[in-house]
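J.: Numbering (my numbering), first residue to last: 13 to 188. Backbone N, C-alpha and C define an ideal beta-carbon position, used for all residues, glycine too. Keep in mind the model is a prediction, meaning the values are calculated, not measured.
1) So, at 8 Å on beta carbons, what are the nonlocal neighbours of residue 70 in its own chain, with the 5 sequence-adjacent residues on each side left out?
2) With burial defined as no fewer than 16 other Cβ atoms inside 10 Å of the residue's Cβ, what is the status of residue 63: buried or exposed?
3) Short check: CB of residue 89 to CB of residue 53, under 8 Å?
4) I'd like the span of the alpha helix (DSSP H) that includes residue 104, first residue to last.
5) Please list the segments of the beta strand (DSSP E) lying wholly inside the stretch 94-165, counting only runs of 3 or more residues, in order along the chain.
6) Quick check on DSSP: helix, strand or coil for residue 48?
7) Quick check on residue 57: does DSSP put it in helix, strand or coil?
8) Three or more C-beta pairs under 8 Å: does that hold for the stretch 72-92 against the stretch 173-183?
Encoded structure:
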């Protein structure tokens, strides 16, 4: 299936100009006490680009069964949720691939085929190669279209990454 996904060509993404998310309202103060990391996470969340027709929502927008584990800690984490009526998982993920958030670089392997069996996909964005912070979008199918969750993490000044045995490296955010 991976080969199918990686080899598929873009087959009709939703068009239109990027819509920016509404600024977060009443965000909680930084959990880590690192205002710079909190500000970075807020900036990335506010810059989230979603396809035309996206409506800001809450966690009940869809059934999100997986979550991003940020291996380097501590981080400031924020989430955003949207619904997009009459959209497909593949079209939404491909639109996210074609319309980067802020100045971030994607970690995704798409484009994705327009397969009705797809019920969820992730599209990750990071600020630089090897980074363990950024935005991971999860797109899930709903009865009326799709729901999108943005998981945002910004490294704090005190953040440290685990050492992996045998010269192993951490995979990029959004790659599962």
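T.: Put simply:
1) On the chain shown, position 58 is the one that residue 70 refers to. Closer than 8 Å at Cβ, skipping near neighbours: 93.
2) Your numbering for residue 63 matches position 51 in the chain shown. Per the 10 Å Cβ criterion, buried.
3) As a first step, residue 89 must be located in the chain shown, where it is residue number 77. As a first step, residue 53 must be located in the chain shown, where it is residue number 41. Yes, the pair counts as a contact, with Cβ atoms nearer than the cut-off.
4) Numbered from its first residue, the chain shown carries residue 104 at position 92. Here the alpha helix (DSSP H) through residue 104 covers 101-110.
5) 132-138 and 146-154
6) Along the chain shown, one-based indexing puts residue 48 at 36. Of the three classes helix, strand and coil, the one that applies to residue 48 here is helix, per DSSP.
7) Counting from one through the chain shown, the residue named residue 57 turns up at place 45. Three-state DSSP puts residue 57 in a helix.
8) yes
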